[in-house]
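Engineer: Same order as they appear, the protein sequences are chains A and B.
In terms of this note's numbering, the first sequence opens at residue 1 and continues consecutively.
In terms of this note's numbering, the second sequence opens at residue 1001 and continues consecutively.
Don't be surprised by glycine CBs; every beta carbon is placed ideally from N, CA and C.
Dropping the structure in here first, questions after.
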Amino acid sequence: MWGRMRKNACRLLLPLLLLPACAALAQSRGGLEIDIIGGNAAALPIAVVPFGGDCGQTDVGGVVRADLGRSGQFRTLDPANLPERPTEGSAVAYPTWRMLKQDFLLVGRCVSSGGDYRTEYELFDVAKQQRLLGFALTAPGGAMRDVAHQISDAVYEKILGVRGAFWTRIAYVTSTGLGREAKYSLVVADADGFNPRTVVNSSEPLLSPSWSPDGHKLTYVSFEGGNSGIWIQDIATGSREKVTNFRGINGAPSFSPDGTRLAMTLSKGGNPDIYVMDLASKHLTQITNQFSIDTEATWSPDGNSLYFTSDRGGRPQVYQVSASGGSASRVTFDGSYNASPSLSFDGKKLATAQGAGNVYRIALMDRSTGSPRWSMLSPGSLDESPSFAPNGAMVLYAAREGRRGVLYAVSADGRVRQRLVLASGDVREPAWSPFRQK
Amino acid sequence: MKASIPQIARILTIAGLSAFVAVGCAKKVKETPPPSNPVDTTTTAPINDTPRAGAYTPADLDSDACLRQRVVYFDLDQDALKPEFQAIMNCHAKYLRDRPSARLRLEGNADERGSREYNLGLGERRGNAVSSALQANGGSSSQLSVISYGEERPVCTESNEACWSKNRRVELVYSAK
Chain A
1 MWGRMRKNAC RLLLPLLLLP ACAALAQSRG GLEIDIIGGN AAALPIAVVP
51 FGGDCGQTDV GGVVRADLGR SGQFRTLDPA NLPERPTEGS AVAYPTWRML
101 KQDFLLVGRC VSSGGDYRTE YELFDVAKQQ RLLGFALTAP GGAMRDVAHQ
151 ISDAVYEKIL GVRGAFWTRI AYVTSTGLGR EAKYSLVVAD ADGFNPRTVV
201 NSSEPLLSPS WSPDGHKLTY VSFEGGNSGI WIQDIATGSR EKVTNFRGIN
251 GAPSFSPDGT RLAMTLSKGG NPDIYVMDLA SKHLTQITNQ FSIDTEATWS
301 PDGNSLYFTS DRGGRPQVYQ VSASGGSASR VTFDGSYNAS PSLSFDGKKL
351 ATAQGAGNVY RIALMDRSTG SPRWSMLSPG SLDESPSFAP NGAMVLYAAR
401 EGRRGVLYAV SADGRVRQRL VLASGDVREP AWSPFRQK
Chain B
1001 MKASIPQIAR ILTIAGLSAF VAVGCAKKVK ETPPPSNPVD TTTTAPINDT
1051 PRAGAYTPAD LDSDACLRQR VVYFDLDQDA LKPEFQAIMN CHAKYLRDRP
1101 SARLRLEGNA DERGSREYNL GLGERRGNAV SSALQANGGS SSQLSVISYG
1151 EERPVCTESN EACWSKNRRV ELVYSAK
């Protein structure tokens, strides 16, 4: 009965939802496993006990468990193997959890009142027999997944000392059909793939979504009207504005960290160059001027420089240039092809789509210690569009599987990957949002 | 397998050229008016109303074996026009010369490998290469426009060279005939 309901729910949701969303839903109710590839021996064991009381339609503990497992930093205990199910601190027997070799324990419960739910949770250090967190959040039933993601963020930050990025969103482009029959959509979803919402539909290609720093707007490229144009759209209201409509390519828009400027690629001068537009005045400053393809500019966290793709040296590599223009310097020297740069929030890590022959993988260049160290985050063979989570702990990217595109989220150490598959059609061009404002 | 597309293109090109020659000859045989008449008509009548002898007409776009070829293919990461497509450049440039009101949109495309935005640039380079070739053969820049779709409009979605080679292309689309 329960199984059939779950199956039906998934079948109903499949056209709308990402598959792992259903997998996660199922897992959170003790069924299927979530689609996680690889593992981290150093992951911290944590038991997330199913939350007690009335949490409405949402399995809050299950959402938290899936979040923490997906990060690669935690190893969660299957709820089927829990000998006890405490829902508050007074019921916690530390020896039980020590015997199960758990470092941490999260318990909680919900109380409903007038459509709202009050969720209380407590985090314990098992070895120290100490309560690390004890908080309560109140939200309407429709926002209980948000509550769960915020609990995940708090647990993550308390234990690891790094801000969690579970309560964030992702944008991506989907397409169905082929050639001139193709249909495109720009979708915004929770970081775990739940709650997908289409914000643009088009019969012309859509690409390169990128978030405003406040997370309220998306900029993207749309071919509606017959040529590429750069748009800025308010996600909540749907109101939108076409900011460029030049002859040739209007591509690769990217908000500056303070949100006042937009870096972009325009080929109105004869070939693709990087420009920066002041959004208030619409004034354009040309940043690069080369007989090469210069594109995919992304800002350094301080807003002072731009990283971009250029084939001025023959094949595409990543270069850095001052955000006010001037000469550019080459940044990537590993791999014959490096494109689509994405920077971590501290500017120390750079992810690229790196090509060698017919194999394209997501590569990470770490500059935190002296000379750059490269590592591979994905196996290939046609991986592209890396996008860092706002805390730098994970990278979202697009891959090909058979004839279609899927998304993966991979931990920045490359140890754990999670696959996000759309039931039908292609998924591509992922962009991870900034932190949400509470 | 790799040589199949150029080979087919070459065969089609030869077929196209011979058909073109045949059409040209047939027209000459048909008309053969006294030499003074064409001089009068060209000086008094607008160009569009009376095509000159041997000039293309919009109907030729559907019947002429060379003009019917509207796709030019490229090698990986290349925007150089391959020699086998020169004949197609010649006949479309002639069409543009014969039909000053014709407008041709060159849609550049790339295969799926590499970044989407970079591939937009690559598609534009290919479109520009075709535009240059048409202008070198007498087409006017005012008749030509280039748009790049990058890898966003594949005609084939398998991840192998046979498919990629079909996607690395410029499509010639007449927006006015």
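1) What are the residues that DSSP puts in a beta bridge with Pro45 (chain A)?
2) Taking Cβ-Cβ distances below 9 Å as the criterion, which residues of the region 374-385 of chain A are in contact with chain B?
3) Could one say the Cβ of Pro209 (chain A) lies closer than 8 Å to chain E's Cβ atoms, at least one of them?
4) With DSSP as the reference, please indicate the residues paired to Glu122 (chain A) in a beta bridge.
5) Going by the CB atoms, is the gap between Gln320 (chain A) and Asn338 (chain A) shorter than 8 Å?
6) Could you check how far apart the C-beta atoms of Gly72 (chain A) and Val406 (chain A) are, in whole angstroms? I think they sit under 8 Å.
7) Let me know the secondary structure DSSP gives Ala128 (chain A) once reduced to three states.
8) Taking only beta-carbon positions, decide if Glu296 (chain A) is within less than 8 Å of chain B.
9) Does any residue of chain B have a CB that is nearer than 8 Å to the CB of Ser267 (chain A)?
10) Between which two residues does the alpha helix (DSSP H) holding Leu68 (chain A) run?
11) Enumerate, from N- to C-terminal direction, the unbroken beta strand (DSSP E) stretches of 3 or more residues contained entirely within the region 1049-1129 of chain B.
12) In the DSSP assignment, what residue or residues form a beta bridge with Thr176 (chain A)?
13) Quick one: residues in its chain with C-beta nearer than 6 Å to the C-beta of Leu1081 (chain B), no 5 flanking neighbours on either side, listed in chain order?
14) In the region 1095-1125 of chain B, which residues sit with their C-beta less than 8 Å from some C-beta in chain A, listed in chain order?
15) Taking Ile151 (chain A) as part of the alpha helix (DSSP H), name the residues at either end of that continuous run.
16) Residues in its own chain within less than 6 Å of Gly177 (chain A) by CB, not counting five upstream and five downstream?
17) If you measure from the beta carbon of Ile249 (chain A) to each beta carbon in chain B, is any gap under 8 Å?
18) Can you tell me where the alpha helix (DSSP H) holding Asn201 (chain A) begins and where it ends?
19) Of all the options A:Thr309, A:Gly347, A:Ser222, A:Arg180, which has the alpha carbon lying nearest to the alpha carbon of Gly303 (chain A)?
20) Classify Asp95 (chain A): buried if its beta carbon has 16 or more other beta carbons within 10 angstroms, exposed otherwise.
21) Under three-state DSSP, which class holds Ser1142 (chain B)?
22) Quick check on this structure: which residue in B:Ser1145, B:Gly1121, B:Ile1088 has the alpha carbon closest to the alpha carbon of Leu1061 (chain B)?
23) Quickly, what does DSSP pair Ala356 (chain A) with across the bridge? List them, please.
24) Pull up the distance between the alpha-carbon of Ala93 (chain A) and that of Gly108 (chain A), whole angstroms please.
25) Does Ile1088 (chain B) get closer than 8 Å to chain A when you measure Cβ to Cβ?
26) Between Ser368 (chain A) and Ala353 (chain A), is the Cβ-Cβ spacing less than 8 Å?
27) Rounded to whole angstroms, what is the Cα-Cα separation between Arg247 (chain A) and Met277 (chain A)?
28) Does the beta carbon of Thr1057 (chain B) come closer than 8 Å to any beta carbon on chain A?
29) So, is the C-beta of Ser1142 (chain B) closer than 8 Å to a C-beta in chain A?
30) Answer yes or no: does any C-beta atom of chain A fall closer than 8 Å to that of Gly1149 (chain B)?
31) Can you give me the C-alpha to C-alpha distance between Leu1172 (chain B) and Ser310 (chain A), rounded to a whole angstrom?
32) Specify the secondary structure class of Pro209 (chain A) as computed by DSSP and reduced to three states.
33) Thinking C-alpha only, which one of B:Gly1108, B:Ser1141, B:Trp1164, B:Gly1121 is nearest Asn358 (chain A)?
34) Given Lys217 (chain A), which residues of its chain have a CB within under 6 Å of its CB, disregarding the five upstream and five downstream residues?
35) State yes or no: is the C-beta of Asp1111 (chain B) within less than 8 Å of the C-beta of Arg1070 (chain B)?
36) What is the DSSP secondary structure of Asn250 (chain A), reduced to helix, strand or coil?
Structural biologist: Reading from the atomic positions:
1) A:Arg75
2) Ser381, Leu382, Glu384, Ser385
3) Any reference to chain E falls outside this structure, whose protein chains are A and B.
4) A:Val107, A:Gly134
5) no
6) No, Gly72 (chain A) and Val406 (chain A) are not in contact; Cβ-Cβ is about 19 Å, not under 8 Å.
7) In the sequence as displayed, the identity of residue 128 (chain A) is Lys instead of Ala. Reduced to three states, the DSSP call for Lys128 (chain A) is coil.
8) yes
9) yes
10) 60-70
11) 1071-1073, 1103-1109
12) A:Lys183
13) Ala1129, Ala1133
14) Glu1112, Arg1113, Gly1114, Ser1115, Arg1116, Glu1117, Tyr1118, Leu1120, Gly1121, Leu1122, Glu1124, Arg1125
15) 144-160
16) Lys183
17) yes
18) It is not in any alpha helix (DSSP H) - Asn201 (chain A) instead sits in the beta strand (DSSP E) that spans 197-202.
19) A:Gly347
20) With the sequence shown as reference, residue 95 (chain A) is identified as Pro, and Asp is not the correct amino acid for it. Its Cβ having fewer than 16 others within 10 Å, Pro95 (chain A) is exposed.
21) helix
22) B:Ile1088
23) A:Val359
24) 15 Å
25) no
26) no
27) 16 Å
28) no
29) no
30) In the sequence on display, residue 1149 (chain B) carries Tyr and not Gly. It does: the Cβ of Tyr1149 (chain B) has a partner Cβ on chain A nearer than 8 Å.
31) 28 Å
32) strand
33) B:Trp1164
34) Ile232, Asp234
35) no
36) strand
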